[in-house]
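Q: Protein chains in written order, with the numbering used here: chain A, 1324 to 1416; chain B, 25 to 258. Positions of the beta carbon are idealized from the N, C-alpha and C atoms, including for glycine. Model, not experiment: these values are computed from the prediction.
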């Protein structure tokens, strides 16, 4: 197994692991936040605009960690600097 | 498959490249400016308003109301900056239903530029509000030991603003492309509809977060000035 295959394999596995750990944990936390917000909405319907606005902001904050993982996995698959370097060095296409 | 419209180069001379990001940013700027100019060309004090004028008024009033709710201050100071951010991002996200269009917010350069605008706007608003010394004092706010963390927080929240918008829009187009390869009949339409929703929400979140950061840099004096009525709990 030469360097190109090794780097390709490690990149793909790492991309899968990154999104596979990042997305579910974030989803659980987001679901928790939404469920708490729904409880509050049921208890205080008058505060609905404030609750939903802070919920949006909070969920977006939580979501950004999953997005970081997604961006890293996309970079590993589509714009991998090590892959480009090795391919350029070995002269393959 | 490209993960960014930066890779599409229309014209190049030396280091100067005209990429798809740049072209579509210009298209959006021209569109926004032309629409506003067309609608506000004939302003009158008549009670009957044209449709476009009504729409723009609804938009501006809505943005003002949101700013007043979130910042708890007079919205006029923030309206130009926050409103421009929101309108630019929302138009660039909504135009993805036009075939052949590449959203400039799907490129990290655009979102980084927008986040840098916010990064510069925070001290500008803070200094305009409290003076240079007053703004610098916020960095040692709880204790001087917190100085590195405050500076780090400035940088990381700018970065997270940029990457959040980029990742959301890029993932939308990426998933649409993937689904197009698997089930090309009906599902891409549904995912495009979801992408429109996400685009509007992300534009809202970007501008609200920018507003929260700016307002937190300007708020303390307001709190000190006003005696707060006690909050009513329901």
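For residue 1284 of chain A and residue 90 of chain B, I'd like the C-alpha separation in whole angstroms.
A: Here chain A comprises residues numbered 1324 to 1416, so residue 1284 of chain A is not present and cannot be evaluated.
Q: In chain E, which residues lie with their C-beta within 8 Å of the C-beta of residue 228 of chain B?
A: Among the protein chains in the structure shown, which are A and B, there is no chain E.
Q: What number of angstroms, rounded off, separates the C-alpha of residue 59 of chain B from the C-alpha of residue 65 of chain B?
A: Locating residue 59 of chain B in the second chain gives position 35, where the first residue counts as 1. Locating residue 65 of chain B in the second chain gives position 41, where the first residue counts as 1. Those two C-alpha atoms are separated by around 10 Å.
Q: Tell me the DSSP secondary structure of residue 228 of chain B in three-state form.
A: The residue labelled residue 228 of chain B in the question sits at position 204 within the second chain. DSSP places residue 228 of chain B in helix when its eight states are reduced to three.
Q: So, does the CB of residue 1383 of chain A fall closer than 7 Å to a CB anywhere in chain B?
A: Here residue 1383 of chain A refers to the residue found at position 60 of the first chain. Chain B, which has a Cβ nearer than 7 Å to the Cβ of residue 1383 of chain A, makes this yes.
Q: Helix, strand or coil for residue 34 of chain B? Go by DSSP, reduced to three states.
A: Within the second chain, numbered from 1, the residue matching residue 34 of chain B stands at position 10. Residue 34 of chain B falls in the strand class under three-state DSSP.
Q: Comparing the C-beta of residue 1374 of chain A with each C-beta of chain B, is any distance below 7 Å?
A: For the purposes of this step, residue 1374 of chain A is taken as the residue at position 51 of the first chain. Output row for residue 1374 of chain A: interface = no.
Q: Which bits of chain A does residue 191 of chain B rub up against, with CB to CB less than 8 Å?
A: Looking up residue 191 of chain B in the second chain gives position 167. Simply 1387, 1390, 1391, 1393 and 1394.
Q: Give me the Cα-Cα distance between residue 109 of chain B and residue 63 of chain B, rounded to the nearest whole angstrom.
A: Stepping through the second chain from its first residue, residue 109 of chain B is reached at position 85. Stepping through the second chain from its first residue, residue 63 of chain B is reached at position 39. Rounded to whole angstroms, residue 109 of chain B to residue 63 of chain B spans 20 Å at the Cα level.
Q: Note down the Cα distance separating residue 1374 of chain A from residue 223 of chain B, rounded to an integer number of angstroms.
A: Working through the first chain from its first residue, we reach residue 1374 of chain A at position 51. Working through the second chain from its first residue, we reach residue 223 of chain B at position 199. Taking the straight line joining both Cα atoms gives about 21 Å.
Q: 7 Å is my cut-off, CB to CB: does residue 240 of chain B come that close to chain A?
A: On the second chain, residue 240 of chain B is found 216 positions in, with the first residue counted as 1. It does not; no Cβ of chain A falls within 7 Å.
Q: Taking 7 Å as the CB-CB limit, is residue 195 of chain B close to chain A?
A: Numbered from its first residue, the second chain carries residue 195 of chain B at position 171. Yes, its Cβ sits closer than 7 Å to a Cβ of chain A.
Q: Considering only their Cβ atoms, is the gap separating residue 139 of chain B from residue 95 of chain B smaller than 7 Å?
A: Sequence index remark: in the second chain, residue 95 of chain B carries index 71 (1-based). Sequence index remark: in the second chain, residue 139 of chain B carries index 115 (1-based). No, Cβ-Cβ distance for residue 95 of chain B and residue 139 of chain B is not below 7 Å.
Q: Count the other C-beta atoms from every protein chain shown that fall within 10 angstroms of the C-beta of residue 167 of chain B, then say buried if there are 16 or more, exposed otherwise.
A: Against the second chain, residue 167 of chain B aligns to sequence position 143. So residue 167 of chain B ends up on the exposed side.
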